[in-house]
Ligand SMILES: C[S@@+](CC[C@H](N)C(=O)[O-])C[C@H]1O[C@@H](n2cnc3c(N)ncnc32)[C@H](O)[C@@H]1O
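In this note's numbering, the protein residues as written are 278 to 571.
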């Protein structure tokens, strides 16, 4: 059985490589396709490249991963490693110094939201997916030493967050930075007052969101809250935007949160500004407060 799975996944990988070559050879011919046909192929919300190449190729790659018994998290961690490697080799990395500075100039608004929800310096807070440490820098500075922890599947992002904290002299406040490759939360050793999860659910399928919500709740104190941001669409529908981006409907998010045992409150009005839409003005930033009742 293992041999069959390995052979099948090797064949799939070969097919993806072939499809990739074929797609890139045909790419220059796209200019010849009339706009009306392009809109039909790409739909309202995404690009033709995404629909015809990236989503199917990456979906096949993810399927090959699953065949080998691996999870979406493991695929995404590997994808991010490849991205970071490509970035290191590139003369023009995706984020130059100016872009990084713009990222680090934000994040304080997240702390303000948490303070408005009752966060105090002696509370314990865990951040799911800290990324480069945009919000981390403010949370670590505000909370008492040892009261902040985070996990991220991307080792490069965690290292960047650590560098940022070192630059600000905040590593002395003992933040716990965990590199995790699963959504189990078994790596979280204490009960939290708050779990902050911002800009993370947008990058995973709904099953993974449900898994995180269910596994996180036992790590919240009674009355503790999980703050979950996600991207909704003005149409109110859920759909996959790319190989690693999803829009979820509010109803669906409320349903899976209630199934995981939370009391749900839509606190999107606390967001300082509606996030800039990615495509055709259709993205809406949403924030839910999910309280652990017991
Ligand atoms: C768009 S970034 C947001 C970073 C940060 N929360 C912020 O607001 O700036 C999403 C981060 O979540 C991480 N991530 C995505 N899925 C994850 C998962 N299942 N477990 C841990 N980290 C995850 C990614 O590696 C990435 O660093």
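Glycine residues also receive a C-beta, built at the ideal position from the N, C-alpha and C atoms.
What you are looking at is a predicted structure, and each value in this text was computed from that prediction instead of being measured.
Given residue i as reference, the closest of the options once Cα atoms are compared
i, options, result
"residue 465", "498, 385 and 487", "498"
"residue 560", "511, 543, 538 and 446", "511"
"residue 569", "437, 361 and 534", "534"
"residue 292", "338, 279 and 280", "338"
"residue 495", "423, 463 and 476", "463"
Which residues DSSP lists as bridging residue i, in chain order
i, result
"residue 354", "For residue 354, which the question treats as bridged, DSSP gives no partner whatsoever."
"residue 567", "503 and 541"
"residue 426", "403 and 453"
"residue 561", "509"
"residue 337", "In the DSSP output, where bridge partners are listed per residue, residue 337 has none listed."
"residue 471", "402 and 502"
Reduced DSSP category for residue i - H, G, I as helix; E, B as strand; rest coil
i, result
"residue 520", "coil"
"residue 382", "coil"
"residue 413", "helix"
"residue 368", "coil"
"residue 387", "helix"
"residue 458", "coil"
"residue 498", "strand"
"residue 440", "helix"
Residue i classed as buried or exposed, judged by whether at least 16 other C-beta atoms fall within 10 angstroms
i, result
"residue 546", "exposed"
"residue 287", "exposed"
"residue 387", "buried"
"residue 551", "Confidence at residue 551 is low in this model, with a pLDDT of 45, below 50, so the placement of that residue should be treated as unreliable; the coordinate-derived value is given next. By the neighbour-count rule (16 or more Cβ atoms within 10 Å), residue 551 is not buried but exposed."
"residue 557", "The predicted model places residue 557 with a pLDDT of 49, which falls under 50 and marks its position as unreliable, so this point remains unresolved."
"residue 321", "Confidence at residue 321 is low in this model, with a pLDDT of 49, below 50, so the placement of that residue should be treated as unreliable; the coordinate-derived value is given next. Answer is exposed; the Cβ neighbour count stays below 16."
"residue 562", "buried"
"residue 506", "buried"
"residue 489", "buried"
"residue 404", "buried"
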